[in-house]
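With the numbering used here applied, the sequence shown closes on residue 354, and no number is skipped along the way. Every residue, glycine too, gets a C-beta built ideally from N, C-alpha and C.
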Amino acid sequence: LFFYHYYMMRIKFLLCLLALALATPLTGRPKVVLSVNNPGNSQRAEVVSFDIHKIWQALDVPEGTPLIVRNAFRQQVASQAGADGSLLIETSVLPQGTAAYMVEAGKPMAYEPFVGGKSYPWRVDDFAWENDKCAYRAYGPALQKTGEQAYGIDIWLKSTPQLDVEKRYESERRGLAEAAALRKQGRSQEADSVLLATTYHRDQGTGLDCYKVGPSLGCGTPAVLLGDSLVLPWCFERYEVKENGPLRFTVKLEFNPLAVKGDTTVVETRLITLDAGSHLNRTAVSYSNLKESLPVVTGIVLHEPDGAVVA
């Protein structure tokens with residue numbers, strides 16, 4: 044098994060997580076104090092993680108106990124028990140500053156999710172996910188059956204912090220159905236107007252899909268490099284959502300077999316993670332059944348105004 048890890052244009056933040064400290068407030072309920080230090084010169088707001096097992100141990104509660112996280116003003120902040128054994132916390136720290144967060148056992152408030160993703164079988168098995176900054180799409184098995192060559196990750200622009208992808212798909216689906224009915228009645232101009240008003244390829248007020256992927260790496264897709272040729276997988280064969288908010292989204296995509304040096308049994312798997320507030324995904328890539336170590340590359344396809352493609 045050959046593993047290759049990469050950050051898809053991921054900026055590594057300089058927030059330092061300090062040691063756990065046990066505190067006992069006037070109420071007598073045990074708390075754990077978590078400190079986050081920002082050594083930079085600008086305010087940072089992002090998701091940070093702590094070892095949730097150590098927190099449960101420090102609180103002397105059973106593993107799996109729900110946790111409440113509060114800031115210095117005793118306001119609850121969004122948190123999530125991560126699939127990797129972490130406690131994820133939404134933080135905001137002043138330049139050269141330190142922020143303290145108090146954790147206690149208890150049922151936390153419900154928060155509107157900042158991340159999310161799901162499959163859209165009606166749209167040839169698209170799988171799309173998003174956070175408050177951007178949205179992404181991977182192409183599924185139904186699209187591969189059509190013969191359309193779409194290999195890489197697609198990216199959708201957003202101008203709203205709200206989760207918006209499902210609304211775009213529903214608008215597109217409704218518009219296609221209405222336009223088809225109008226065309227049957229010979230009302231082609233009205234059908235065109237409906238499509239323009241509902242398609243996610245135009246900005247309807249919250250962003251749009253203006254990026255073309257086609258048979259390319261798209262936005263940060265990995266590929267095996269053989270000489271000067273890329274061995275690209277086609278569409279994913281199956282998916283598994285590992286965690287779905289409110290602060291972190293993770294999906295496992297397993298792709299159809301590649302043909303590498305005559306071997307048609309090589310399977311690529313991607314574990315894609317997107318946090319709230321992040322402009323970038325984190326992806327861990329693995330290849331099963333490789334007979335030797337091979338170079339792997341990634342990239343972003345840029346499109347010029349005249350339609351030319353620059354890799």
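Span of the beta strand (DSSP E), counted from its first residue to its last, around V31: A question about residue 31 goes unanswered here, because the residues of the chain that appear run from 44 up to 354.
Of the listed residues R216, T242, W277 and P258, nearest to D252 (C-alpha basis): T242
Stretch-stretch touch, CB-based, cutoff 8 Å, three pairs: the stretch 253-272 with the stretch 187-198: yes
K1 vs E147 beta-carbon contact at 8 Å: Because the chain spans 44 through 354 in this model, residue 1 falls outside it and cannot be assessed.
Which listed residue (E221, G125, T189 and F157) has its alpha carbon closest to that of A178: That would be F157, whose Cα lies nearest to the Cα of A178.
Range covered by the alpha helix (DSSP H) that runs through I198: From DSSP, I198 is part of no alpha helix (DSSP H) but of the beta strand (DSSP E) over D197 to L200.
Through-space distance from M145 to F93, alpha-carbon basis: 12 Å
Within 8 Å, strictly: CB atoms of P138 and D175: Contact: no.
C-alpha distance - P68 paired with V76, whole-angstrom precision: Only weak support is given to the placement of P68: the predicted model assigns it a pLDDT of 48, under 50, and the question is left unresolved by the model.
Separation of D318 from T189, as counted between CA atoms: 33 Å
G159 - DSSP class collapsed to helix/strand/coil: G159: strand per DSSP, three-state reduction.
Length at least 3, wholly inside the stretch 67-150: the beta strand (DSSP E) runs in chain order: 74-80, 87-94, 110-113, 122-124, 129-136 and 141-148
One or two residues paired with A177 in a DSSP bridge: The sequence as given places Cys at residue 177; Ala does not occur at that position. Assignment of beta-bridge partners to C177 by DSSP yields L200.
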